[in-house]
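Novice:
Following this line, the structure appears as structure tokens:
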């Protein structure tokens, strides 16, 4: 295969038409008196042959009817981070991914967005084959990614990549579900010789976040007709802390209840702050990829590629406050209002610490309802009542065993593996029939752990560390593809591609240890069940679905100037019925240097087996108050109760099916002197989006199930409904503290529109060679309809429309001179709204990256660089004291500040 350097492919994408209007004259006016111009031969070497978005074998990116960016592996890796998602964010302005400090399972597999759409609205391929999804469903997705189950792109080591192709258009009719915002195709290295070793170390300017990566790639020949290419990577990333001491904790410190030296006792991680926000720790991150092929003849080439990877990711949770009024953790510390003289319930009393009666209320001895709180700062439990509870073996409060509160430490062990095997070649049938038959299987599994927490319902018998279980996504695919050329009198043969695909996906939940989901003896007294912060799965469950698809894809150069493409695909799902989608696209060469292209297509995204069957309860910050929010599958007992409640409101009964999309794009590409430009406008209409709807009050639903009862708490409602035979309490384990619930259904409609601009200019200067690349994206999404059956809330509408910057772009200058290569890159992030913290109109920022490479000899390169050279941070959170969050976790460029790195590369 051609191993060019893909100099046009860097394509730092996108900007507005206004920016283009300003940029073109600017670049056209640039004059470099001492510059030597490129030769025609050099220009021809810039031609990038693509395999994404077309099934013709000789289609270049410049002649594609739809925009395709080509990023060479070397250019892709010019970054301080070795995480492929961070590299994509740098190279593709319409791609967004954030650090996830307190996001439950989303901390382990970060949700990413392309064109502001959900992670599962972009299709990910490896070597042109669909990549399996990750095991994580992002329940805390910042509003944009809520409920998404995307691909774990971080499982791919960057050194394994030959190039990355980014199709910026809808392609469901060619590839199937998910190809709405675009397609990411990661092409693996296929060299049959050579060896490359890289060692990278980096750290933040603050001195934390130390990270290292050691990776190696080697190519081997299989006789004279085959190759094996192997990449291995080992990576470790230490966490960061970007927090302040919470106001409630500061109050306890000032009152003398708590000492700062106790912070590490509270969180088991750091003495800097009680609750920490920052980059999670990534340990034992190991990745291995293999790519191989053996050509028996022109008619048969056997190929195989696959991977294995594992990593452990750990981060923090919210602080469980023991004594501060209004901040006490419900179900653990927060007791009823009590008489300060008796400790018995009194609606006009003071706040208290919850006390449990270990042998049961009304059995044996009795206990006070709560330990009154008062004293200096109103944070001291009454010492006499506390001593009374401590002295009575039948009474218990967590203020006895964990008096300073606690911060759970949550994480997961992730394992990813996949293999693909296939046979392809050209058969001497007619004009020649190309075939490609393949089988593949991939899985991603996460086993969770949560430490430094409790199951409050177990009282003094609770463990502090739990294994809440795990979840796994497994996919099996069989593909049969054919391509045949037919002479119909066009400038080229009519390329007729057709084929079929069978795909099966399975989502499995694995039960946690017994204590992680136990309904302990204190559950009926207001103490929460299950491991606090992330409840365990009570049993193993498995759900699966399959689909069968057939497609036809036509493409031809009708004349020397006109290329047309048409595709249609029909796919039938076992759970959601069938869908038929099509695509029409074309490109017209007005001149040799100016081309116009346009495309219209329909697309779809089918719900995953995990989305249809997952149960999850997470702790959320809602207006400064921590509450438990849950997701319930409609097929469960709790889900049916929820569906009954929703139906009673007169909007119908919820169901779940595919979402549908309409894509339109039009643009042009132009060669102006020694520059190349592409400009593309797109419009994406999404209907019946698969999403988690607005939160519904769980207690209201339980009161409805009780025939209009007026239960005082969820725990009371579950107990009474179970006693009445209306529900089976065992089907509601882990839901005692659930304040709100939501479910997956087809809900709202959106329209996304924007403009991509890409410009490249290569030249010789000052005795060396240089290249300027500009790319920008303007993107806006509008919620057209919030839905009626399961409407999304105002907060999510705001996040979808305003959380991400509308304008992102970058411009980079690379220069090679003698033994030195330099990179300077300016990254622009437009203004945005921090919808999670209610802070609007955050200013735009420009971050500068630099890198210098010194070629010590023909084998060894030494690299030093910095990302965010001037240590830029997002605006500080004005309510940082509420939960200790110094910077918004939604910052489009992170919140770690500047980072430097050094690297050594050895190749031969």
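Numbering (the working numbering), first residue to last: 1229 to 2136. Backbone N, C-alpha and C define an ideal beta-carbon position, used for all residues, glycine too. Since this is a predicted model, take the numbers as computed values, not measurements.
Evaluate residue 1930 with the Cβ neighbour count: other Cβ atoms within 10 Å of its Cβ, from every protein chain shown; 16 or more gives buried, anything less gives exposed.
Specialist: buried
Novice: Taking the beta strand (DSSP E) that residue 1982 falls in, what are its first and last residues?
Specialist: Under the DSSP assignment, residue 1982 falls in the beta strand (DSSP E) whose first and last residues are 1977-1993.
Novice: Could you please give me the residues that DSSP links to residue 1904 through a beta bridge?
Specialist: 1899 and 1988
Novice: Put residue 1207 into one of helix, strand or coil per three-state DSSP.
Specialist: With the chain covering only 1229 through 2136, there is no way to say anything about residue 1207.
Novice: For residue 1910, count neighbouring C-beta atoms within 10 Å of its own C-beta (all shown protein chains included) and say buried if the count is 16 or more, exposed if not.
Specialist: Counting Cβ neighbours within 10 Å, residue 1910 comes out buried, since at least 16 surround it.
Novice: Just to confirm the assignment, what range does the beta strand (DSSP E) spanning residue 1439 have?
Specialist: That run of the beta strand (DSSP E) goes 1439-1450.
Novice: Kindly give me the distance between the Cβ atoms of residue 1945 and residue 1934, rounded to whole angstroms, as I take these residues to be in contact under 8 Å.
Specialist: 7 Å
Novice: Is the CB-CB distance between residue 1784 and residue 1722 below 9 Å?
Specialist: yes
Novice: Decide if the stretch 1869-1883 is in contact with the stretch 1989-2008; the criterion is three or more beta carbon pairs, one per stretch, under 8 Å apart.
Specialist: Counting Cβ pairs under 8 Å, fewer than three are found: no touch.
Novice: Counting pairs of beta carbons, one from the stretch 2002-2016 and one from the stretch 1309-1325, are three or more of them closer than 8 Å?
Specialist: yes
Novice: Would you tell me roughly how many angstroms separate the C-alpha atoms of residue 1298 and residue 1833, rounded to the nearest one?
Specialist: 25 Å
Novice: Residue range of the alpha helix (DSSP H) that residue 1956 falls in?
Specialist: It is not in any alpha helix (DSSP H) - residue 1956 carries neither H nor E in the DSSP assignment.
Novice: May I ask which residues mark the beginning and end of the alpha helix (DSSP H) holding residue 1626?
Specialist: 1626-1629
Novice: CB residue 2118 to CB residue 1326, shorter than 9 Å?
Specialist: yes
Novice: Quick one: what's got a C-beta closer than 7 Å to residue 1253's C-beta in the same chain, skipping five residues either side?
Specialist: The predicted model places residue 1253 with a pLDDT of 34, which falls under 50 and marks its position as unreliable; any figure quoted below should be read in that light. Cβ within range, chain order: n/a, list empty.
Novice: Ends of the alpha helix (DSSP H) at residue 2078?
Specialist: For residue 2078, there is no enclosing alpha helix (DSSP H); the enclosing beta strand (DSSP E) covers residues 2073-2083.
Novice: Taking three-plus beta-carbon pairs below 8 Å as touching, is the stretch 1455-1471 in contact with the stretch 1494-1514?
Specialist: yes
Novice: Would residue 1880 and residue 2016 be called neighbours here (beta carbons separated by less than 9 Å)?
Specialist: yes
Novice: What three-state label does DSSP hand residue 2146 in the structure shown?
Specialist: Outside the shown range of the chain (1229 to 2136) lies residue 2146, about which nothing can therefore be said.
Novice: Below 8 Å, how does it come out for the stretch 1829-1845 and the stretch 1803-1813: are there three or more Cβ pairs, yes or no?
Specialist: Proximity of the stretch 1829-1845 to the stretch 1803-1813 meets the contact definition, three or more beta-carbon pairs being nearer than 8 Å.
Novice: Which residues does DSSP pair with residue 1460 in a beta bridge?
Specialist: 1444 and 1516
Novice: Could you spell out the range, first to last residue, of the beta strand (DSSP E) harbouring residue 2089?
Specialist: The continuous beta strand (DSSP E) containing residue 2089 extends over residues 2088-2095.
Novice: Are residue 2025 and residue 2041 closer than 9 Å when you measure CB to CB?
Specialist: no
Novice: Are the stretch 1677-1693 and the stretch 1753-1769 in contact at 8 Å, needing three or more beta carbon pairs?
Specialist: yes
Novice: Quick check on the burial criterion: 16 or more other C-beta atoms within 10 angstroms. Buried or exposed for residue 1363?
Specialist: buried
Novice: Quick check on DSSP: helix, strand or coil for residue 1304?
Specialist: helix
Novice: Use the C-beta contact count for residue 1994: other C-beta atoms within 10 angstroms, 16 or more gives buried, fewer gives exposed.
Specialist: exposed
Novice: Excluding sequence positions up to five away, which residues of its chain have a Cβ less than 7 Å from the Cβ of residue 1606?
Specialist: 1553
Novice: Tell me whether the stretch 1697-1714 and the stretch 1347-1360 touch, counting them as touching only if at least three CB pairs, one residue from each stretch, are closer than 8 Å.
Specialist: Flag = yes, the stretch 1697-1714 and the stretch 1347-1360 touch.
Novice: Let's test the definition: count the other Cβ atoms within 10 Å of the Cβ of residue 1883 and tell me whether it reaches 16, buried, or not, exposed.
Specialist: exposed
Novice: Quick one: what's got a C-beta closer than 7 Å to residue 1950's C-beta in the same chain, skipping five residues either side?
Specialist: Contacts found: 1956 and 1957.
Novice: Which residue from 2097, 1733, 1979 and 1752 puts its Cα closest to that of residue 1888?
Specialist: 1979
Novice: Report yes or no: do the stretch 1634-1650 and the stretch 1662-1682 share at least 3 C-beta pairs separated by less than 8 Å?
Specialist: yes
Novice: Would you mind listing the beta strand (DSSP E) stretches within the stretch 1668-1716 that are 3+ residues and don't spill past its ends, in chain order?
Specialist: 1694-1714
Novice: So what does DSSP say about residue 1494, is it helix, strand or coil?
Specialist: helix
Novice: Could you give the DSSP three-state label for residue 1428: helix, strand or coil?
Specialist: strand
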